[in-house]
Structure formats: structure tokens, C-alpha cells
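A.B. asks:
There are 2 protein chains.
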Amino acid sequence: MQISSRFTVAVHVLLCMELLKGEHKITSDLLASSVAVNPVVIRRLLQQLKAAGIVRVARGTGGAELMKPAESITLLDIYHAVECVEEGELFHFHENPNPLCPVGRNIHGVLDGRLAQIQRAMEREMESITLQKLLEDTREKICCNS
Amino acid sequence: MQISSRFTVAVHVLLCMELLKGEHKITSDLLASSVAVNPVVIRRLLQQLKAAGIVRVARGTGGAELMKPAESITLLDIYHAVECVEEGELFHFHENPNPLCPVGRNIHGVLDGRLAQIQRAMEREMESITLQKLLEDTREKICCNS
DNA sequence: TTTGATGTACTCATTAGAGTTACAACAAAG
DNA sequence: CTTTGTTGTAACTCTAATGAGTACATCAAA
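Chain order of the listed sequences is A and B.
Okay, so the first sequence: first residue is 1 according to the numbering used here, each after it adds one.
Okay, so the second sequence: first residue is 1001 according to the numbering used here, each after it adds one.
Below you can see the structure in the form of C-alpha cells.
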């Protein structure tokens, strides 16, 4: 299975928030129109980002903004905020291997560490990419094609 | 979402094939009993591993075995064999960002490379782990607890 | 011809994701 | 204190992927 599109949508939304602030009030409708999904999907996503301390959302009056500087928000933070699965659980392990089989009895002991190692490699890479870098890349591209 | 348990089941199955050969004929029933799933699930999995050139399955008479030495089978090979998604598609990207928004217009250009970079990190780690290493780890553990 | 496997077509249940509608709760402006 | 424009959230549908299971035709070798 793939990692949910909530992740790429979340990055998209955060970029919008920083790049369009000033020009527009950042409402779920505006974000929904940029991403091209239903506004309710955006609102649900904003709730997850809020719970993770990444954004603030103004109820009533409307509008959302970052709660931290973009340099201190990494792709890993965003990933953890929007992915529902427990930390350290990228891989789905089959539950009840047969303890009577020498392999079934030991498969967890052999594999668990390896799987964690693979996941860590992915997370390290995510951690190395900040929202700030993506903002710079985006600004540069906007310059070229507008 | 998590990576399907087909992956860990596949690793389990391949370890069984090497460690139990000689002692038992490697049938889907035997493997199913060690993994604790339905034999049909195992047969379907073996078809995918066969298509990837990793195993040979004896129709009629029954029995399965590796087609390559365990040193030359990596976790990445197994992952590619059993995961249905296209190569390079760990992340699910939202399809139609709004080209009228400067962010929507550029989000693919900004993110695609980064996502590929993250996925490569994961795949490099998978590639570094061979079935042979896992076999050695398993033999060692079996020694200790039998 | 018997035997014990595999290969595969079905059906079914469960789960996660995503889309949509509807509406109560809310904050600020008038 | 009422209007206005939003957010927060419940309820529902739809789709796709996974996984479980049954049944049976196909097959190879004894």
C-alpha cells in the first residue's frame, strides 16, 4: 500500500499558508481550491496538524497559520501528524506465526530490528527536509513561470 | 497506510523454504501452518515470487524452492515482488492540483524529487539486507531456544 | 488410475480513504 | 444583538485493497 495522499496534501496546504498569507485569508475553501479536494477534507487535515502543534486555526472568524517557523517544521513532523498508524509501524507484520515451527517461533526476533532499521532510514531522510527548503524551491519556481 | 503483511509473510516463507528443506517437502500447507494463514494465501504469494524469478514451484508433485542463492536475494527484491504499486510510488500524490494557484501549479515540481529521495533511502536500506543474513540470524536464534 | 499437490476463479468481510451534505458552534463586525 | 462567514464534526456513501475461505480443474509422478 501507498502512504496516504493526506501527506502530500498537508505539505501543499502548509506551503499555501505561507506563500499566500497577506494576499488572502487562508480559509479551508481557499486551500481546497488549490489542492482540488473537498473543503471538509482540508478541515479534517487542519485538525490533525493543529493537534500536532504545527498550525493554529481561527474558529468563527476563519483563517489558519503556522505556529512554528518553517525552518523547524520537517517532513517527518508532517508525516507523523497526518499518518494514523502508530510510530514505528510502517510495516504490517502477520500476527500469529506458529510457535511450534522454528521459523515461526523466531521470525519476530529476526525481522523486527531490520524493519525498524529500514523505517529509520526513511524517517532520517524526511527529517532532513524542512518546510523552509520547500518554500524556497517553490518561490523560485513561481518566479520562473509567472 | 502500512506496507502489506504480504511482505513479512514472504520473508517468512522464504526462510522456511531454506531452513526446512531436507526435513520436509515445502508445500503450501506446511508454509501456511508456520505463518498461520490460509494455504491459498501462500499459493498466491508463491505465484508472485515465482513471477519475480525468486522461487520455483513444482506443480502436480508439489514443493517449492529458491531459484537463486540466498546471498543474492535482498529484501528489496522481495518487496518489489509482492507489492502491487508501481516502482517509485511509495507516496500517493493528490492528482489534480489547481494550475491557477501558484502553489498548485508547482507542487509536483517541488515535491516529486524529494519524495523520490525519501523512497530511495528506504530502498537502499532494503537492498543492504540479504536473505542470507536473515538465515544466519534465524539459525543462531534457533540454536538458542531449541 | 490413484494420489497429493498446485493454480485460479469465485465469494465474502473488513478496513482505510476520500467525497459529500448538513448543521451546530463560534467570533467579529456592523 | 443580529448578521455574516467560518470552522468543527457527525452521518452517510463510495471505492479500493487486503485478506480469508471454498471449490474445483489441472497436473506430475508413483
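Heads up, the beta-carbon is just placed ideally off N, CA and C, and yes, glycines get one too.
What you are looking at is a predicted structure, and each value in this text was computed from that prediction instead of being measured.
Any chance the segment 1088-1102 of chain B sits against the segment 1044-1061 of chain B, with 3 or more Cβ pairs inside 8 Å?
C.D. replies: Taking 8 Å as the limit for Cβ pairs, the verdict is that the segment 1044-1061 of chain B does not touch the segment 1088-1102 of chain B.
A.B. asks: Determine the extent of the alpha helix (DSSP H) in which Leu1066 of chain B is found, giving its start and end residues.
C.D. replies: Numbered from its first residue, the second sequence carries residue 1066 of chain B at position 66. Where Leu1066 of chain B is concerned, there is no enclosing alpha helix (DSSP H), although the beta strand (DSSP E) it sits in stretches over 1064-1066.
A.B. asks: Let me check one thing: in DSSP terms, what residues is Thr1130 of chain B bridge-paired to?
C.D. replies: Indexing the second sequence from 1 puts residue 1130 of chain B at position 130. In DSSP, Thr1130 of chain B forms a bridge with B:Thr1074.
A.B. asks: Check the Cβ-Cβ distances between Leu15 of chain A and every residue of chain B, and say whether any is below 8 Å.
C.D. replies: On the first sequence, position 15 is the one that residue 15 of chain A refers to. Closer than 8 Å: yes.
A.B. asks: Mind checking who Ile1026 of chain B pairs with in its DSSP beta bridge?
C.D. replies: Taking the first residue of the second sequence as position 1, residue 1026 of chain B is located at position 26. DSSP, once it has assigned bridges, lists no residue as partnering Ile1026 of chain B.
A.B. asks: Between which two residues does the beta strand (DSSP E) carrying Val1055 of chain B extend?
C.D. replies: The residue labelled residue 1055 of chain B in the question sits at position 55 within the second sequence. Note, Val1055 of chain B: beta strand (DSSP E), 1055-1057.
A.B. asks: What is the rounded straight-line gap between the Cα of Lys1141 of chain B and the Cα of Gly113 of chain A?
C.D. replies: Locating residue 1141 of chain B in the second sequence gives position 141, counting from the first residue. Locating residue 113 of chain A in the first sequence gives position 113, counting from the first residue. Their backbone Cα atoms lie some 14 Å apart in a straight line.
A.B. asks: Taking Cβ positions only, does Lys1141 of chain B come closer than 8 Å to chain A?
C.D. replies: Residue 1141 of chain B sits at position 141 when you count from the first residue of the second sequence. Yes, its Cβ sits closer than 8 Å to a Cβ of chain A.
A.B. asks: Give me whichever residues DSSP pairs with Ile3 of chain A in a beta bridge.
C.D. replies: Within the first sequence, the letter at position 3 stands for residue 3 of chain A. According to DSSP, which records beta bridges pairwise, Ile3 of chain A is partnered with B:Phe1091.
A.B. asks: Examine chain A for any beta-carbon lying closer than 8 Å to the beta-carbon of His1092 of chain B, and answer yes or no.
C.D. replies: As a first step, residue 1092 of chain B is located in the second sequence; it is residue number 92 there, counting from the start. Output row for His1092 of chain B: interface = yes.
A.B. asks: Given a threshold of 16 other Cβ atoms within 10 Å of its Cβ, counted over all protein chains shown, does Arg148 of chain A qualify as buried or as exposed?
C.D. replies: Past the edges of chain A, shown from 1 to 146, lies residue 148 of chain A, and the structure says nothing about it.
A.B. asks: Lys21 of chain A bridges to which residues according to DSSP?
C.D. replies: Translated into the one-based positions of the first sequence, residue 21 of chain A becomes position 21. Partner(s): A:His24.
A.B. asks: Tell me the rounded alpha-carbon separation between Glu1083 of chain B and Phe1007 of chain B.
C.D. replies: The residue you call residue 1083 of chain B lines up with position 83 of the second sequence. The residue you call residue 1007 of chain B lines up with position 7 of the second sequence. Those two C-alpha atoms are separated by around 7 Å.
A.B. asks: Is it buried or exposed for Ser1072 of chain B, if we count other Cβ within 10 angstroms and need 16 for buried?
C.D. replies: Reading the second sequence from its first residue, position 72 is the one you call residue 1072 of chain B. Exposed, by the Cβ-count rule.
A.B. asks: Using the beta-carbon of each residue, which ones in chain A are nearer than 9 Å to Met1122 of chain B?
C.D. replies: To locate residue 1122 of chain B, count along the second sequence from 1; it is residue 122. The contacting residues are Leu90, Ile118, Gln119, Ala121, Met122, Glu125.
A.B. asks: CB Leu1135 of chain B to CB Glu1018 of chain B, shorter than 8 Å?
C.D. replies: Your numbering for residue 1135 of chain B matches position 135 in the second sequence. Your numbering for residue 1018 of chain B matches position 18 in the second sequence. Yes, these two residues count as a Cβ contact at 8 Å.
A.B. asks: Using the C-alpha atoms, what's the distance from Lys1021 of chain B back to Ala1094 of chain B?
C.D. replies: In the second sequence, residue 1094 of chain B corresponds to position 94, counting from 1. In the second sequence, residue 1021 of chain B corresponds to position 21, counting from 1. A quick correction: the sequence has His, not Ala, at residue 1094 of chain B. C-alpha separation (whole angstroms): 46 Å.
A.B. asks: Tell me which residues share the same chain as Leu30 of chain A and place their Cβ nearer than 8 Å to its Cβ, disregarding the 5 neighbours each side in the sequence.
C.D. replies: Residue mapping note: residue 30 of chain A aligns to position 30 of the first sequence, counting from 1. Same-chain partners within the cutoff: Cys16, Leu20, His24.
A.B. asks: Could you please tell me which residues of the segment 1037-1054 of chain B, in chain order, have their CB closer than 9 Å to any CB of chain A?
C.D. replies: Going along the segment 1037-1054 of chain B in chain order, one finds Val1037 with a Cβ nearer than 9 Å to chain A.
A.B. asks: Is Thr138 of chain A buried or exposed, if buried means 16 or more other CB atoms sit within 10 Å of its CB?
C.D. replies: Within the first sequence, residue 138 of chain A is the residue found at index 138, counting from 1. Buried.
A.B. asks: Tell me whether Cys16 of chain A sits in a helix, a strand or coil according to DSSP, three-state version.
C.D. replies: The residue you call residue 16 of chain A lines up with position 16 of the first sequence. Note: Cys16 of chain A maps to helix in three-state DSSP.
A.B. asks: Leaving out five residues before and five after Leu1090 of chain B in sequence, what residues of the same chain have Cβ atoms less than 8 Å from its Cβ?
C.D. replies: As a first step, residue 1090 of chain B is located in the second sequence; it is residue number 90 there, counting from the start. Leu1115, Ile1118, Gln1119, Met1122, listed in sequence order.
A.B. asks: Tell me, please, whether the CB atom of Thr27 of chain A is closer than 8 Å to any CB atom in chain B?
C.D. replies: For the purposes of this step, residue 27 of chain A is identified with residue 27 of the first sequence, where counting begins at 1. Cβ-Cβ to chain B under 8 Å: no for Thr27 of chain A.
A.B. asks: Measuring CB to CB, does Ile54 of chain A end up less than 8 Å from Leu66 of chain A?
C.D. replies: Looking up residue 54 of chain A in the first sequence gives position 54. Looking up residue 66 of chain A in the first sequence gives position 66. Result yes, Cβ atoms of Ile54 of chain A and Leu66 of chain A sit closer than 8 Å.
A.B. asks: Kindly indicate if chain B contains any beta-carbon less than 8 Å away from that of Ser72 of chain A.
C.D. replies: Numbered from 1 along the first sequence, position 72 holds the residue referred to as residue 72 of chain A. Cβ-Cβ to chain B under 8 Å: no for Ser72 of chain A.
A.B. asks: With distances taken from CA atoms, which of A:His92, A:Thr74, A:Asn106 is nearest Ile129 of chain A?
C.D. replies: Indexing the first sequence from 1 puts residue 129 of chain A at position 129. Comparing Cα-Cα distances from Ile129 of chain A to each of A:His92, A:Thr74, A:Asn106, the minimum goes to A:Thr74.
A.B. asks: Using a Cβ cut-off of 8 Å (strictly closer), state whether Val1035 of chain B contacts chain A.
C.D. replies: Numbered from 1 along the second sequence, position 35 holds the residue referred to as residue 1035 of chain B. Yes, Val1035 of chain B lies at the interface with chain A (some Cβ there is under 8 Å from its Cβ).
A.B. asks: Short check: CB of Val1011 of chain B to CB of Val1035 of chain B, under 8 Å?
C.D. replies: Position 11 of the second sequence, counted from the start, is the residue given in the question as residue 1011 of chain B. Position 35 of the second sequence, counted from the start, is the residue given in the question as residue 1035 of chain B. No, they are not a contact pair.
A.B. asks: Note the first and the last residue of the continuous alpha helix (DSSP H) segment covering Val41 of chain A.
C.D. replies: Your numbering for residue 41 of chain A matches position 41 in the first sequence. 39-51 is the span of the alpha helix (DSSP H), which, as asked, contains Val41 of chain A.
A.B. asks: I'd like to know whether the C-beta of Asp77 of chain A is nearer than 8 Å to at least one C-beta of chain B.
C.D. replies: Here the question's residue 77 of chain A lines up with position 77 in the first sequence. It does not: the Cβ of Asp77 of chain A has no partner Cβ on chain B nearer than 8 Å.
A.B. asks: Quick check: the Cα distance between Thr1061 of chain B and Thr1027 of chain B, rounded to an integer number of angstroms?
C.D. replies: Here residue 1061 of chain B is taken as the residue at index 61 of the second sequence, counted from 1. Here residue 1027 of chain B is taken as the residue at index 27 of the second sequence, counted from 1. So the alpha carbons of these two residues sit roughly 10 Å apart.
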